[in-house]
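In mature numbering (1 follows the signal peptide of the UniProt record, and there is no 0), the protein residues as written are -28 to -1, 1 to 214.
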């Protein structure tokens, strides 16, 4: 594994240079060819080879690698501009970091370039350590279920057959807890949720296997996405850490 202090120095240098770079410049690796999309077989093989993560090392990487600057002290983002990572599934975080590093995830904005720069010095072990660390962190506990309008509540729990939209809960869990490669949504910042869904809908993000998410996002309006974002932003794990 890359030593945490070595990685943190590399990350700090990459991020600092990125922030002072001229407009249009980027430290993110520019793939020589378009990054190859995943198949289920290839992803399952990659997942089977995922290193055993070490949460203590992940915590140090989170601190020393400046991840906490955007994602918060324990993975709960301090603003709506970055995603919260606390309670996220380790498989999803691991894949996301791989996708940034390869260039497969690239929405063409400054935030994607920042993450591409941040993942450049990471080894697979580093990514596994971070993924396990975030999976062990707890979201703030919220006792009351967030209120939603009946149409959105139905979409979350039952889906919408007329538009071939399956229930959000069928993949992301009844409480937004996620499962394996399917990400947790509970407690996610609303602005990040909005940007993510709009990126899928507008075909700016394509790292989901066989368009597993995009095919449903294509049918959603901005108002529906906002309502879903507000719902999941207000939803916490009733029992704390998973």
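Quick reminder that beta carbons are idealized off the backbone N, C-alpha and C, glycines included.
On a predicted model such as this, the values are computed, not experimentally measured, just so you know.
State the start and end residues of the unbroken alpha helix (DSSP H) segment that holds residue i.
| i | result |
| --- | --- |
| residue 85 | 82 to 91 |
| residue 190 | Taken as a continuous stretch (DSSP letters only), residue 190 belongs to no alpha helix (DSSP H), as it is neither H nor E. |
| residue 19 | 12 to 20 |
| residue 108 | Taken as a continuous stretch (DSSP letters only), residue 108 belongs to no alpha helix (DSSP H), as it is neither H nor E. |
| residue 30 | 27 to 36 |
| residue 45 | Note, residue 45: premise wrong, no alpha helix (DSSP H); not H, not E. |
Which of helix, strand or coil does DSSP assign to residue i?
| i | result |
| --- | --- |
| residue 96 | helix |
| residue 137 | strand |
| residue 154 | strand |
| residue 121 | coil |
| residue 132 | strand |
| residue 207 | coil |
| residue 167 | helix |
| residue 9 | coil |
| residue -3 | The predicted position of residue -3 is uncertain, since its pLDDT is 42 and thus under 50; no value can be drawn from it. |
| residue 58 | coil |
Between the options, which has its C-alpha nearest residue i's C-alpha?
| i | options | result |
| --- | --- | --- |
| residue 169 | 195, 8 and 10 | 195 |
| residue 158 | 180, 171 and 109 | 109 |
| residue 78 | 55, 161, 138 and 7 | 7 |
| residue 200 | 153, 72, 148 and 46 | 148 |
| residue 29 | 53, 75, 106 and 204 | 106 |
| residue 184 | 198, 206, 143 and 119 | 143 |
| residue 23 | 206, 97 and 152 | 97 |
- Item | Contact the stretch 26 to 42 vs the stretch 122 to 135: 3+ CB pairs below 8 Å | no
- Task: Answer yes if the stretch 93 to 103 comes into contact with the stretch 181 to 195, meaning at least three C-beta pairs across the two stretches below 8 Å, and no otherwise.
- Result: no
- At least three beta-carbon pairs within less than 8 Å, the stretch 133 to 143 to the stretch 172 to 182: no
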